[in-house]
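Protein chains in written order, with numbering that gives the first Met the number 0: chain A, 0 to 223; chain B, 0 to 223. Each residue gets a CB set at the ideal place from its N, CA and C atoms; glycine is no exception. Right, one structure below, let's go through it.
2 protein chains.
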Amino acid sequence: MAVAERRRALVDAAVRVIARDGVSGATTRAVVAEAGMSLASLHYAFPSREHLLEAVIAEVTEQERRSAEAGLLPVAAAPADEEPPALEDVVRDGLERYVDLLAADPAREQALLELVLYALRTPGQRAALVAQYDVYLAAARASLTAAALSARSRWTVPLDDAARALVMVTDGITTTWLADRDTAAARRTAGFAARALAALAEPVPGPAREPGREPAREPAPPGS
Amino acid sequence: MAVAERRRALVDAAVRVIARDGVSGATTRAVVAEAGMSLASLHYAFPSREHLLEAVIAEVTEQERRSAEAGLLPVAAAPADEEPPALEDVVRDGLERYVDLLAADPAREQALLELVLYALRTPGQRAALVAQYDVYLAAARASLTAAALSARSRWTVPLDDAARALVMVTDGITTTWLADRDTAAARRTAGFAARALAALAEPVPGPAREPGREPAREPAPPGS
DNA sequence: GTCTATAAAGTGATAGAC
DNA sequence: GTCTATCACTTTATAGAC
């Protein structure tokens, strides 16, 4: 068995164990048992448990990046030639999709959170943590850009600020739902957040067929 | 030394150790070393490490309750006889105070988060977790009620929904700041959240001295 | 490369002297 | 009540046979 393949199998097993038993439950023995190999094989593929966890963080980060990319493609494909959807609806759809994903696999989201806290406490994992967070921010920027394009709007605040607000919202929705498991309430919260985010954009005056129906909008103050 | 006093000393020591080294670092030996007593004394005061952590969660929950209560008293004392402050400003002040608190003692907030995740994974701690979350919600309700009173406004959505949104916002601000440590960005995010929360309320038509200056406001749709 | 066996240290909990 | 000493077990990591 090639080392790379063994590394991948161990990382996958570690992800499953962490989702089931948490980071502290992901002992070397638990991981090799999940992967169906011997303890020594782990230390042949990785010098230490910490190196394995570093690879785990890198792997889930990459998975998040891919799933965010896949998630926003349908949004980008949406714009029709005629009436664009309201930005608030586009954002709410996206956030509600995230709530569904969270409710469908809460163990995974909790595992991601635990990995963040573990990385915060482990000096050697600082780089992996920064990379993970950068992926979140990049995904948020891409999602917001795609949503605005689809709704023919543009953001009236710096894109980075809006992206940070979106990350804040998803983080908050996650921890709150993990605590109370109230999916209906989480969807209401998502709707509130969508309204708030949509208020940070304005419609783009495009080639409107009925210009008179364009709603009057005061421009955002330049300082905001 | 009375048992109750020893329990308190152990809980305080455990809080310090968790803030410094995380929940997994709060071994029985680390806690008694911090408290300056012997290992057997811990098991005399608590039947197990798990019981100690249950007491820790109860204690920090109570501390949070008290600090939330103290934090909103100045807000409640604010209403003057004349022009009320804008609700958005009141909410933003409160959130920025929270950001300052977070930046001043990040270890504590991270410890609270870790305790939540630990309680989520430990079946016997479910009750403590629910209590902790209820305290957050109650504090959010109280803060929002006080803020609305101070700004002579009333919430146009159910108070529970607004409170949940506030908890979501503080949770999201916390995790995001813990990851990037960008206090200035967190304050901008707090400002955005304050605007969004304030949009969930409307001014109360009170005994206005200059009714003509009352800004026109369309009532919120009853369904929202 | 892959295993068994084991080292070395840490863990929660307890027995028993005082 | 409070301690030292220790049990029984788990942890990461490695040595060495094959």
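Check, Outcome
"Name the chain A residues whose beta carbon is nearer than 7 Å to that of S23 (chain B)?", "S23"
"Nearest-angstrom Cα distance between R6 (chain B) and A147 (chain A)?", "56 Å"
"Could you tell me whether any Cβ in chain B is nearer than 9 Å to the Cβ of P221 (chain A)?", "Residue confidence is low: P221 (chain A) scores 48 on pLDDT, short of 50, so the model does not pin down where it sits. No coordinate-derived value is stated."
"Can at least three beta-carbon pairs, one atom from the region 1-20 of chain B and one from the region 53-65 of chain B, be found at a separation below 8 Å?", "yes"
"Grab me the residues of I172 (chain B)'s own chain with a C-beta within less than 8 Å of its C-beta, minus the 5 sequence neighbours each way, in chain order.", "L94, Y97, V98, L101, A185, T188, A189 and A192"
"Taking only the alpha-carbon atoms, compute the straight-line gap between R151 (chain B) and L158 (chain B) and give it to the nearest angstrom.", "16 Å"
"May I ask you to list, following chain order, the residues of the region 177-190 of chain A that have a beta carbon less than 7 Å from some beta carbon of chain B?", "L177, A178, D179, A184, R187 and T188"
"Would you report the Cα separation of S37 (chain A) and P84 (chain A), rounded to the nearest angstrom?", "55 Å"
"Within 10 angstroms of its Cβ, does V2 (chain B) collect 16 or more other Cβ (buried), or is it exposed?", "exposed"
"Would L86 (chain B) pass as an interface residue toward chain A - the criterion being a Cβ-Cβ separation below 9 Å?", "no"
"Cβ closer than 9 Å: which chain B residues qualify as neighbours of Q62 (chain A)?", "Near Q62 (chain A) there are no residues of chain B at all, since even the closest Cβ is about 18 Å away, more than 9 Å."
"From the DSSP output, read off the bridge partner residues of S47 (chain A).", "Answer by DSSP bridge pairing: none, since S47 (chain A) is not bridged."
"What do you get for L52 (chain A), buried or exposed, if any count of 16 or more other CB atoms within 10 angstroms of its CB means buried?", "buried"
"If I follow the unbroken beta strand (DSSP E) through A25 (chain A), where does it start and stop?", "Premise fails: A25 (chain A) is in no beta strand (DSSP E) and is neither H nor E."
"For a contact defined as C-beta to C-beta under 9 Å, what are the partners of I172 (chain B) on chain A?", "M167, D170 and G171"
"Of all Cβ atoms in chain B, is any one closer than 9 Å to the Cβ of D80 (chain A)?", "no"
"Three-state secondary structure (DSSP) at G211 (chain A)?", "Below a pLDDT of 50, predicted positions are generally treated as unreliable, and G211 (chain A), at 48, falls in that range; the measurement from the model is reported next regardless. In this structure, G211 (chain A) counts as helix in the three-state DSSP scheme."
"Whose C-beta lies closer than 6 Å to the C-beta of L86 (chain B) among residues of the same chain, with five residues either side of it excluded?", "A150, S152, A197 and A200"
"Between the alpha carbons of D160 (chain A) and V168 (chain B), how many angstroms are there, rounded?", "15 Å"
"Which word fits T26 (chain B), buried or exposed, when buried means at least 16 other C-beta atoms lie within 10 angstroms of its C-beta?", "exposed"
"Expressed to the nearest angstrom, what Euclidean distance is found between the alpha-carbon atoms of E63 (chain B) and R120 (chain B)?", "22 Å"
"Does the beta-carbon of A203 (chain B) have 16 or more other beta-carbons within 10 angstroms, so that it is buried, or is it exposed?", "As written in the sequence, residue 203 (chain B) is Val, which differs from the Ala given in the question. The residue in question, V203 (chain B), is exposed, as its Cβ has fewer than 16 Cβ neighbours within 10 Å."
"Pick helix, strand or coil for R153 (chain B), following the three-state DSSP scheme.", "strand"
"Can you tell me whether E68 (chain A) is buried or exposed, with buried defined as 16 or more other CB within 10 angstroms of its CB?", "exposed"
"Could you name the residues of the region 145-167 of chain B whose beta carbon sits closer than 7 Å to any beta carbon of chain A, in the order they occur along the chain?", "D160, R163, A164, V166 and M167"
"Between the region 110-130 of chain A and the region 29-47 of chain A, do at least 3 Cβ pairs fall closer than 8 Å?", "no"
"Just list the residues that DSSP pairs A200 (chain A) with in beta bridges.", "A:W154"
"Taking the C-alpha atoms as reference points, what is the distance between D181 (chain B) and R194 (chain A)?", "25 Å"
"Can you say whether V30 (chain A) is buried or exposed, counting buried as having 16 or more other CB atoms within 10 angstroms of its CB?", "buried"
"For G93 (chain B), report the span of its alpha helix (DSSP H) as first-last.", "L86 to A103"
"Using the three-state DSSP reduction, which class does G35 (chain A) fall into: helix, strand or coil?", "coil"
"Can you pull the chain A neighbours of A120 (chain B), defined as C-beta to C-beta under 7 Å?", "Note on residue identity: the sequence assigns Arg, not Ala, to residue 120 (chain B). In chain order: G21."
"From A:R65, A:V156 and A:L143, pick the residue whose C-alpha is nearest to that of D92 (chain A); which is it?", "A:L143"
"To the nearest angstrom, how far is the alpha carbon of L128 (chain A) from that of Y43 (chain A)?", "25 Å"
"By Cβ distance below 7 Å, which residues in the same chain neighbour G123 (chain B) in space, the five residues on each side in sequence not counted?", "E49"
"Please decide whether R194 (chain A) counts as near chain B, where near means a Cβ-Cβ distance under 9 Å.", "yes"
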